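Data first, discussion second: the structure below is written as structure tokens.
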Amino acid sequence: MTSIDSLIAYLSGITDLSPAFTSRLHAVLKPEIYQPHQVFQAAGQRENRLWFVLQGFVRGYYFDPSGKEHTLSFHSENELIFSYEGFWQETADRYLEALQPTGVYSLSYEELASLLPQFREAQLLKEVFVRHQYQQERFRKRLLTWSAEERYRQTRKLQPELFRKASVRLIATYLNMTRENLSRLMAKDL
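Be aware that the sequence shown starts at 8, since it is given in the working numbering, and climbs by one per residue.
Structure, rendered in structure tokens:
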């Protein structure tokens with residue numbers, strides 16, 4: 008099974024895909040490979056496509072006006088990376104960086120716009136992925152209202168893979184705490 012077939016099998020697990028839609032996906036999805044620490048989307052550039060992560064690990068981040076780095080999101084296998092800014096053809100406000108060797112399939116927002124009116128399954132998939140994005144953003148907003156210890160506990164519980172894949176420094180920027188504070192909280196769990 009090729010990687011595009013793996014992607015199509017994953018999508019078929021969400022909703023039935025017509026042969027015409029599957030054929031169109033084969034034609035429009037573009038494979039991309041990124042090395043660790045490679046930035047493949049920069050803040051200030053127009054984000055013209057979305058990505059589906061087949062393998063690897065990606066983070067989204069930005070720098071505040073003082074130059075401090077903030078991690079907004081992490082993305083693993085079988086996750087879609089997209090932004091509303093890209094969909095609306097606005098410039099991106101974040102960077103995307105591969106943290107491990109990463110393979111993705113990309114789809115231009117222009118192609119997505121042409122698929123939506125033609126294929127019901129495209130609309131259903133879009134709804135599933137937009138709902139997932141919304142839930143992640145809601146979790147992130149709530150996360151920032153909790154104490155440092157509660158942020159750590161909830162993230163450890165709901166995203167355990169994060170602690171296997173990301174460095175303490177990156178997790179600390181995600182949890183909006185110092186590395187030292189995160190290390191202390193992690194040491195309590197040992």
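Glycine included, C-beta positions come from ideal geometry on N, C-alpha and C.
All values derive from a computational prediction rather than experimental measurement.
Straight-line Cα distance separating residue j from residue i
i      : j      : result
Ala179 : Arg56  : 29 Å
Val137 : Ser73  : 31 Å
Met8   : Ala194 : Per-residue confidence for Met8 stands at a pLDDT of 39, beneath the threshold of 50, marking its modelled position as unreliable; the derived number appears in the next sentence. Looking at the two C-alpha atoms, the distance is approximately 42 Å.
Leu169 : Ala16  : 25 Å
Glu134 : Arg127 : 11 Å
Coarse secondary structure for residue i, derived from DSSP in three states
i      : result
Lys75  : coil
Gln107 : coil
Phe126 : coil
Pro38  : strand
Ile11  : helix
Arg101 : coil
Phe64  : coil
Glu84  : coil
Ser19  : helix
Tyr25  : Reading off the sequence shown, one finds Ser at residue 25, where the question assumed Tyr. Coil, per DSSP.
Local Cβ density within 10 Å of residue i, reported as buried at 16 or more and exposed below that
i     : result
Ser90 : buried
Gln48 : buried
Gly63 : buried
Leu24 : buried
Proximity of residue i and residue j at Cβ, strictly below 8 Å
i      : j      : result
Gly67  : Thr98  : no
Gln161 : Ser80  : no
Leu14  : Tyr159 : no
Leu123 : Val35  : no
- Message: Quick check for students: name the residue ranges of the alpha helix (DSSP H) that lie wholly in the segment 157-181, counting only runs of 4 or more.
- Response: 169-172
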